[in-house]
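Be aware that the sequence shown starts at 81, since it is given in the working numbering, and climbs by one per residue.
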Amino acid sequence: MTTLLQTTVKSITFGNSWYWFLLGAVICYFIGCFNFAVLISHFKKSDIRGVGSGNPGSMNMTRTFGFKIGAINFFCDAIKGGLPALIGWIIFKNYVFAGTEVLVSDFVRYLFGTFVIIGHVFPVTMRFKGGKGIASTMGLFLFSIPCDCWWYFFIVAAYFCAVLSYIALTEWGSMGSLMGVAGLTIWQAAIFAVRYSQQLLNPIIISVFMMLLAINLLTWLRHSVNIFKLMAGEEHRTSILKHKKKSK
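Put into structure tokens, the structure is as follows:
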């Protein structure tokens with residue numbers, strides 16, 4: 081922790097800065113409300129909300145329009161989930177909360193990321209019926225975890241490839257996606273647990289862990305139907321190889 085604070089020379093109090101956090105959270109919520117699946121499907125002269133499962137997300141886009149379109153949609157949603165968090169980290173990376181060693185950037189990146197995901201899942205612009213948040217969540221971790229150590233990016237990317245391989249081999253898209261989110265959540269929580277081992281009862285640290293838990297629970301709850309179908313052996317399989325051929 082000392083190494084992290086060597087370049088941190090400024091402190092702020094939550095009480096005097098809360099409105100900036102609130103403003104950022106509101107902006108991120110509306111960023112999350114922008115749905116790329118709906119936009120891209122309109123370019124394809126369709127509306128993804130009325131096709132397939134009706135879910136405006138990457139998995140349904142892949143099943144409907146093929147692997148390339150699904151990959152483009154996933155990439156856009158991942159950027160949407162990760163970029164606001166990265167920007168928040170850059171803005172606040174040289175700050176700590178007054179009287180603590182808690183980095184403001186550790187709090188802000190997941191505050192912003194959480195509200196992007198909430199906006200994606202419950203967009204006011206679509207009567208609160210959005211996507212399931214997997215791509216945005218994976219993007220959030222892809223951008224956020226390397227903030228702790230830049231070369232973590234390659235580990236996260238390798239982990240993502242492992243998740244994709246699992247989906248390709250088993251054709252269980254929902255389960256692979258949920259396992260991916262759960263694994264990255266645990267990884268980030270472990271980093272924070274070690275970093276703030278002497279401050280785990282700090283309200284700000286508790287709130288960060290609560291946000292990580294909320295992100296994980298939100299994606300799992302949005303997949304509750306898929307989980308029940310998996311348990312009943314009725315879940316729709318997702319063949320990546322088949323959809324790659326469909327895209328050619």
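Even for Gly, the Cβ is constructed at its ideal location relative to N, Cα and C.
Contact annotation: the segment 139 to 152 does not touch the segment 231 to 248, with fewer than three C-beta pairs closer than 8 Å. The DSSP-derived three-state label of residue 131 is coil. Secondary structure in the segment 229 to 290: the alpha helix (DSSP H) runs of 4 residues or longer, each lying completely within the stretch, are 232 to 250 and 253 to 275 in chain order. For residue 112, the closest of 254, 312, 241 and 215 by C-alpha to C-alpha distance is 215. Between the alpha carbons of residue 207 and residue 252 lies a gap of roughly 29 Å. With contacts defined as CB atoms closer than 8 Å, residue 295 and residue 180 fail to qualify as a contacting pair. Counting only residues of its own chain and dropping the five nearest sequence neighbours on each side, residue 258 has a CB closer than 7 Å to the CB of 299, 300 and 303.
Taking the Cα positions, residue 185 is about 5 Å away from residue 169. For residue 92, the CB contacts under 7 Å within the same chain, skipping 5 residues up- and downstream, are 175, 177, 178 and 184 in chain order. Per DSSP, residue 214 is one residue of the alpha helix (DSSP H) stretching across 214 to 224.
The Cβ atoms of residue 312 and residue 223 lie no closer than 8 Å to each other.
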